[in-house]
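Residue numbers (the numbering used here), protein chains in the order written: chain V, 1 to 429; chain E, 430 to 681.
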């Protein structure tokens with residue numbers, strides 16, 4: 001059975017037992033869209049450098065069965081020292097023994113998506129599928145049609161998460177090749193706030209394909225810290241679509257760190273649907289070996305007086321390849337927009353490749369926007385300056401690369417996470 | 430201290446230094462002056478170990494070692510210090526971390542244990558007081574956003590911290606107003622002693638009003654064409670470089 005045949009058969013199994021409700025109708029609609037669109041190919045402009053052909057030819061199982069037990073997961077570093085609420089998913093299914101719950105405000109709801117559909121159906125139905133548009137994106141459609149489980153986060157009006165929430169997804173490819181589609185729904189209502197860490201890890205030698213979709217709603221005057229840490233090493237293919245829908249006076253700080261993974265494609269889409277929004281998007285990628293990392297982002301300024309600042313930095317080693325494609329769209333109404341975008345890359349070998357494309361599309365006439373990209377090697381002047389003070393070449397290189405990377409790591413507002421990441425960055429360098 | 434014999438260097442096939450001879454003893458301050466393009470900055474770069482230049486002849490002995498065979502970091506660890514004409518801004522590297530790394534790498538080279546963090550901070554504080562450095566300068570990233578004067582003062586502060594034996598000042602006066610020049614010179618004068626030698630490279634005489642040299646040499650077309658005491662600098666200030674150029678051309 002080919003991958004596509006398998007998807008079809010999985011979907012037939014689903015429809016055979018599904019009741020006819022809003023949720024299942026949406027999934028049927030999404031599947032119809034997927035059948036039209038398929039898995040993206042390099043024929044599409046947005047996927048020019050990102051080849052998923054080997055996934056198409058893969059023979060995956062979608063069962064979340066895993067032999068991992070809580071002890072081995074803890075040993076693998078799933079529960080770290082960060083004091084946070086925790087949800088752990090293995091191969092797409094919740095691993096309830098490892099959940100950690102620190103909040104005292106009972107209005108806040110955090111559980112699996114499957115649980116939320118039963119227990120909080122009115123909130124679920126009001127938000128699920130409302131912010132993404134799967135009619136033009138095959139992977140969004142596929143996730144909507146055949147999602148695994150994921151996290152549901154509801155922070156109601158005026159409430160605040162006292163501790164961060166860490167959503168950890170573990171790929172266990174010890175037994176067989178795996179296909180999973182985590183789906184997270186995060187709702188931060190008016191005047192509420194939350195800090196959320198998405199953490200990806202992997203074990204096992206088989207191939208895996210993980211297709212994540214995050215739908216995030218941020219209501220008026222609300223704020224969100226959102227961090228994505230990609231450490232799923234091994235033969236992993238990972239695509240991630242994060243849709244953020246923000247209303248007026250919201251603050252979002254989003255940081256994406258891509259360290260491990262054979263093939264990673266991040267899609268980040270901010271839609272600022274209200275005035276006076278602040279959107280910060282930062283990213284760091286350090287691919288080595290034959291890793292491939294693609295960061296696509298789109299920032300829609302739909303209303304006036306919003307600010308966005310995007311900075312993505314890459315350090316590429318060995319035969320690694322990276323893509324940066326950032327698009328800022330300033331709609332006709334969005335006067336007094338301030339939007340900044342930068343992509344900076346350091347190539348440490350002759351065989352590393354970066355394809356970068358910063359883009360602005362401006363339909364308003366009173367805006368301030370800048371964008372730019374740089375590609376280079378480690379500068380010789382700072383190297384010589386440090387060496388002339390008695391610092392070895394190796395140590396000078398370490399200092400300079402760490403400084404380049406720390407500029408992004410320090411955008412994270414959880415000190416324990418910054419410390420963990422700084423040692424991970426050190427490992428990669 | 431340092432003995433330079435018939436030093437020749439070129440860049441991209443173009444000969445810049447054409448046989449420099451210079452002997453500097455402990456505690457001496459030598460000034461090198463000369464018109465633009467004479468090779469002044471090339472001399473400082475070659476001595477500090479910048480790799481852009483090809484050494485085509487001659488040798489340099491520094492405290493008994495063949496300087497030209499040492500890496501830039503080993504030259505520094507042996508006690509050579511170059512105060513840059515254009516100190517480099519290094520965002521993200523804190524001045525404190527940078528100095529601690531530099532000092533401990535030097536200690537390691539000499540077989541010493543790294544300095545304890547508290548000892549280091551004490552040492553740094555005392556040097557900051559001595560050199561009248563503003564605290565805010567050392568808490569920031571290395572040279573980032575510093576004014577021209579602050580950068581040059583920071584070079585002299587690094588000199589105080591690293592305690593070199595031989596300091597090269599490469600056009601330290603360039604881009605400084607008179608107040609900054611005074612502050613920087615005062616710092617240098619505090620570091621003068623009977624053991625430490627200086628090579629002060631400058632286009633203008635005014636720096637030498639503050640850092641008074643024992644010897645002045647004029648560099649022209651990659652050679653030292655005239656040497657004298659501090660009065661030679663005054664003479665150059667009045668007469669410019671043309672008379673020296675004429676003397677040299679006449680001798681040829």
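For every residue, glycine included, the Cβ atom is placed at its ideal position computed from N, Cα and C.
| Query | Result |
| --- | --- |
| Buried versus exposed, by CB contacts within 10 Å (16 or more), residue 376 (chain V) | exposed |
| Pair within 8 angstroms by beta-carbon distance, residue 497 (chain E) and residue 477 (chain E) | no |
| Spatial distance of residue 666 (chain E) from residue 633 (chain E) (CA atoms) | 7 angstroms |
| Chain E contacts made by the segment 404-421 of chain V, where a contact means CB separation under 7 angstroms | 404, 406 and 407 |
| Partner residues on chain V for residue 484 (chain E), Cβ-Cβ distance less than 7 angstroms | Within chain V, no residue comes near residue 484 (chain E); the closest Cβ sits about 17 angstroms away, beyond 7 angstroms. |
| Segment limits, beta strand (DSSP E) that includes residue 588 (chain E) | Run containing residue 588 (chain E): none in the beta strand (DSSP E); it sits in the alpha helix (DSSP H), 577-591. |
| Residue range of the unbroken beta strand (DSSP E) whose run includes residue 513 (chain E) | Segment: none, residue 513 (chain E) is in no beta strand (DSSP E) and carries neither H nor E. |
| Neighbouring residues, chain V, relative to residue 441 (chain E) (Cβ below 9 angstroms) | Per Cβ cutoff of 9 angstroms: no residues; residue 441 (chain E) is ~16 angstroms from chain V at best. |
| Under the three-state DSSP convention, the category residue 640 (chain E) falls into | coil |
| Unbroken stretches of the alpha helix (DSSP H), 4 residues or longer, contained in the segment 120-148 of chain V | 121-127 and 138-146 |
| The segment 142-149 of chain V contacting the segment 1-11 of chain V, beta-carbon criterion three pairs below 8 angstroms | yes |
| Closest by C-alpha distance to residue 255 (chain V), when choosing among V:238, V:297, V:120 and V:291 | V:297 |
| Of the residues E:643, E:668 and E:570, the one placed nearest residue 519 (chain E), counting alpha carbons only | E:570 |
| For residue 409 (chain E), three-class secondary structure by DSSP | Because chain E here runs from 430 to 681, residue 409 (chain E) falls outside it and cannot be looked at. |
| Reference residue 242 (chain V), options V:364, V:192, V:250 and V:299, closest by Cα | V:299 |
| Boundaries (first-last residue) of the beta strand (DSSP E) holding residue 198 (chain V) | 193-203 |
| Proximity of residue 89 (chain V) and residue 20 (chain V) at Cβ, strictly below 8 angstroms | no |
| Neighbour flag for residue 385 (chain V) against chain E, beta carbons, 8 angstroms | yes |
| Whether residue 629 (chain E) touches residue 640 (chain E) by CB criterion (8 angstroms) | yes |
| Whether residue 137 (chain V) touches residue 66 (chain V) by CB criterion (8 angstroms) | no |
| Residues, ordered as in the chain, of the segment 559-591 of chain E that lie near chain V by beta-carbon distance below 7 angstroms | 587 and 591 |
| Chain-ordered chain V contacts of residue 685 (chain E) [CB-CB under 8 angstroms] | Any question about residue 685 (chain E) goes unanswered here, given that chain E covers just 430 to 681. |
| Contact between the segment 224-234 of chain V and the segment 269-279 of chain V (3+ Cβ pairs under 8 angstroms) | no |
| Pick from E:660, E:505, E:656 and E:679 that is closest to residue 453 (chain E), judged by C-alpha positions | E:656 |
| Residue-chain proximity (residue 676 (chain E), chain V), Cβ-Cβ < 8 angstroms | no |
| Sequence-distant residues of the same chain with beta carbon closer than 7 angstroms to residue 140 (chain V), five excluded per side | 132, 134, 213 and 241 |
| Option in V:407, V:210, V:112 and V:368 with minimal Cα separation from residue 284 (chain V) | V:407 |
| CB contact below 8 angstroms: residue 477 (chain E) versus chain V | yes |
| Chain-ordered chain E contacts of residue 389 (chain V) [CB-CB under 7 angstroms] | 505, 531, 587 and 591 |
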